[in-house]
Amino acid sequence: MIEIPSDLHKDLVPLVFLLGDWAGAGVHDFPGAEKCNFGQEVSFTHDGRDFLEYQSHTWVLDEEGNKVRPLESEHGYWRIDPNRKVEVTMVRDDGVVEVWYGELADQKPQIDLATDAVARTAASQPYTGGKRLYGYVKSDLMWVGEKQTPEVELRPYMSAHLKKVVSPEDVERWAKALPDDMPDDGIAFFK
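Counting in this note's numbering, the sequence shown runs from 662 upward without gaps.
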């Protein structure tokens, strides 16, 4: 269920499908790095201003799906203009800062992004840019990331399938919002 919070900045309504906490798993595969399955937790929040705050934490999973060690962390801010152009500023734990630009697809919750600027600290690995695709598909958040380095052409390196995390407070709020005349058998509701 997608809800539009009453205190959400009006410019962010097209991005409302991103709001909330998400968790899931994916695959990491890039030349020169460990190929692995990973777990991920993502959070998109807002404070009433004209941006979404973004946090992502990933960790390597073993064959049984247990956390082994951290993989990557990101923190950023997402904005959208009236023409559906999306702007993201992001910093990653490996010493990379990026500016991403893209757009929200017409008539569907899908965002294509590409790096416009990349800055790296001396400690970071070689990296020259990337692309990302985010999509809201059947109530799930899915994404694929591509990256390039001076030695490796642009290619997919990470993708994940995330489910919305539902808190007990969400369930309580939804239960209170149910109409008083809900049918007991559930079937009549669909007639």
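Beta carbons are placed, not taken as given, at the ideal position from N, Cα and C, and that holds for glycine.
Computed from a predicted model, the values in this text were never measured in an experiment.
Reduced DSSP secondary structure (H/G/I, E/B, other) of residue i
| i | result |
| --- | --- |
| residue 911 | The chain is shown only over 662 to 852; residue 911 falls outside these bounds and no answer can be derived. |
| residue 837 | helix |
| residue 764 | strand |
| residue 666 | coil |
| residue 770 | coil |
| residue 852 | Interpretation of residue 852 is limited by its pLDDT of 48, a score under 50 that renders its predicted location unreliable; no figure is taken from the coordinates. |
| residue 830 | helix |
| residue 800 | coil |
| residue 745 | coil |
| residue 780 | strand |
| residue 731 | strand |
| residue 717 | strand |
Residues bridged to residue i (per DSSP)
| i | result |
| --- | --- |
| residue 792 | 775 and 807 |
| residue 681 | 705 |
| residue 698 | 688 and 722 |
| residue 817 | 807 |
Residue i classed as buried or exposed, judged by whether at least 16 other C-beta atoms fall within 10 angstroms
| i | result |
| --- | --- |
| residue 665 | exposed |
| residue 772 | buried |
| residue 782 | exposed |
| residue 717 | buried |
| residue 694 | exposed |
| residue 850 | Residue placement at residue 850 cannot be trusted, given a pLDDT of 46 that sits under 50; the coordinates are not used to answer. |
| residue 700 | buried |
Whole-Å CB distance - residue i paired with residue j, under 8 Å assumed
| i | j | result |
| --- | --- | --- |
| residue 720 | residue 728 | 5 Å |
| residue 747 | residue 722 | Not confirmed; about 30 Å, so no contact. |
| residue 711 | residue 670 | 5 Å |
| residue 796 | residue 776 | Not really, about 19 Å apart at Cβ, beyond 8 Å. |
| residue 778 | residue 807 | With 8 Å as the limit, residue 778 and residue 807 do not qualify as a contact, their Cβ atoms being about 17 Å apart. |
| residue 809 | residue 789 | 5 Å |
### Task
Would you be able to state if there are at least three C-beta pairs under 8 Å between the segment 802 to 811 and the segment 706 to 715?
Contact between the segment 706 to 715 and the segment 802 to 811 is absent: fewer than three C-beta pairs spanning the two stretches fall below 8 Å.
### Query
Is the segment 751 to 768 touching the segment 677 to 692 in the sense that three or more CB pairs, one from each, lie closer than 8 Å?
In the pairwise beta carbon analysis, the segment 677 to 692 is classified as not touching the segment 751 to 768: fewer than three pairs are separated by under 8 Å.
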